[in-house]
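Numbering (the numbering used here), first residue to last: 2 to 470.
In structure tokens, the structure reads:
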């Protein structure tokens, strides 16, 4: 029987089981390993049996890498293009949105956005003009030409698309983040918060409260304080640059004045306590053994919750606020966190179980959204299904474990990492050189045939014509 193939926006899936160097050079995590969490949830839900194949697009659409031949093949072989997004509606994603729009315009198959958010600074009025507005409008228009309804992360993005950009209210619905539905409607914490000096704490961190805007040092000082008060902590970084940092010791930043853990000398890497996870199952397995997670990373909070471990999110922007609000996750705002704040004071009175009251209703709505767009899921016959086809596939695999700091590795392991990494880097440099040489040969050939000057004149004429218009 011919397999049903679905194309999904993702840098990789757990089934590809990529090692660290490959993950780095292919940027298989889209800059942030948190992207794997929601993509993994969509993969698990849609991989209904062995006759279905979910193929990651490796971000080719947003990088403009699909050729006309590729697009023709996709239209013939695939039955849908699924787009799990994060906070994609942002200024620094405009070019990527335009490339995706051009790609989608040439598709004849359904295209479904499964979760997306608008990015804005904390407290920013999203109804004011934003640089990404036109690109968002064009992208969503093309998607809705190929699907019934767009799923967004929260009320802010819903208002952004409907009240501001003018999309019909019934063409947009709030579904939260697909990651929260990884295991269906029965998500519950497996432990209570009972802090002691021996508690095992996950710390997450970020430098940003919005693209290009740094959070203050208070949060950094607070997290360092947490690491001192609860010495059995683990720092879990998420960015690609941090994977390089932890894998081969390359500093995230050479600025020695920043408090962020920008190099392996940071207190958050003390005693080799940093771990970078390359896939979701190993991340969740580790989180299940911890007592609490805290930090300003949304999927750094959601991953522990999926594993049954309480998490306290430090909300720093609009996209986090709408998600913790919709899913009723425990949180504080960054304004509540100061250098001398005690973690025990932040968690005092917090209901870490509140999300459990809303999980099934939220999940049912999410399922209705998928069905409205014609998608079949593992939950269609039994929404309380415990073991999915993806689970069985993964159970037979030997997944790569967490990457630990370079200085904790044995000498032989350090040599292996360096050899593997720098051989890939040299190959990449040589590839760039080959491209430059090829361009130079093309230019030389045009010059020898007397065509180079003619092409330059034509280019100037076109530019002048456009300026006059």
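For glycine and all other residues, C-beta sits at the position ideal for the given N, C-alpha and C.
Treat the numbers as computed from the prediction; the structure is a model and nothing was measured.
- In the displayed model, residue 314 falls within a strand according to three-state DSSP.
- When the Cα atoms are used, residue 69 and residue 413 turn out to be separated by approximately 46 Å.
- For residue 57, no alpha helix (DSSP H) run applies; the uninterrupted beta strand (DSSP E) run containing it begins and ends at 53–57, by DSSP.
- Between the stretch 20–36 and the stretch 238–256 there are three or more C-beta pairs closer than 8 Å, enough to call the two in contact.
- In the DSSP annotation of this structure, the continuous segment of the beta strand (DSSP E) that includes residue 79 starts and ends at 79–84.
- A residue is called buried when at least 16 other Cβ atoms come within 10 angstroms of its Cβ; residue 443 does not meet this threshold and is exposed.
- Per DSSP, the unbroken beta strand (DSSP E) holding residue 296 starts and ends at 293–296.
- Under DSSP, residue 5 forms a beta bridge with 53.
- Within the same chain, and ignoring the five residues on either side of residue 101 in sequence, the residues whose Cβ sits closer than 7 Å to its Cβ are 62, 63, 140.
- Closest in C-alpha terms to residue 78, from the list 98, 59, 54, comes 54.
- Taking each of 440, 252, 136 in turn and checking the Cα distance to residue 96, the smallest one comes out for 136.
- Residue 247 is positioned such that its CB atom lies no closer than 8 Å to that of residue 422.
- Within the stretch 335–414, no beta strand (DSSP E) run of at least 3 residues lies entirely inside it.
- Between residue 335 and residue 299, the C-beta gap is not smaller than 8 Å, which leaves the two residues out of contact.
- The shortest CA-to-CA distance from residue 39 to any of 254, 343, 233, 116 is the one to 116.
- Note on geometry: alpha-carbon atoms of residue 270 and residue 427 lie some 29 Å from one another.
- Annotated three-state conformation of residue 236 is strand, per DSSP.
- Classified as exposed, residue 375 has fewer than 16 neighbouring CB atoms from the shown chains inside 10 Å of its CB.
- Residue 5 sits away from residue 183, with the two beta carbons spaced by 8 Å or more.
- Here the alpha carbons of residue 373 and residue 310 stand approximately 33 Å from one another.
- Judged by DSSP secondary structure, residue 301 falls within the alpha helix (DSSP H) whose first and last residues are 299–307.
- At the C-beta level, residue 357 and residue 162 stay beyond 8 Å of one another.
- Between residue 391 and residue 48, the CB-CB gap stays under 8 Å.
- With contacts defined as CB atoms closer than 8 Å, residue 8 and residue 58 qualify as a contacting pair.
- Residue range 21–27 is occupied by the alpha helix (DSSP H) that includes residue 22.
- DSSP, read as helix, strand or coil, puts residue 38 in helix.
- Residue 176 sits close to residue 153, with the two beta carbons spaced by under 8 Å.
- If you draw a 10 Å sphere on the C-beta of residue 301, you find 16 or more other C-beta atoms in it, and that means buried.
- Here the C-alpha atom of residue 268 lies approximately 8 Å from the C-alpha atom of residue 228.
- Less than 8 Å divides the Cβ of residue 274 from the Cβ of residue 234.
- Residue 82 sits close to residue 112, with the two beta carbons spaced by under 8 Å.
- Your pair residue 72 and residue 107 checks out as a contact, with CB atoms roughly 5 Å apart and the cut at 8 Å.
- The Cβ atoms of residue 313 and residue 285 lie no closer than 8 Å to each other.
- Taken through DSSP and simplified to helix, strand or coil, residue 112 comes out as strand.
- Collapsing the DSSP output to three states places residue 93 in a helix.
- An exposed status is given to residue 416, since fewer than 16 other beta-carbon atoms sit within 10 Å of its beta-carbon.
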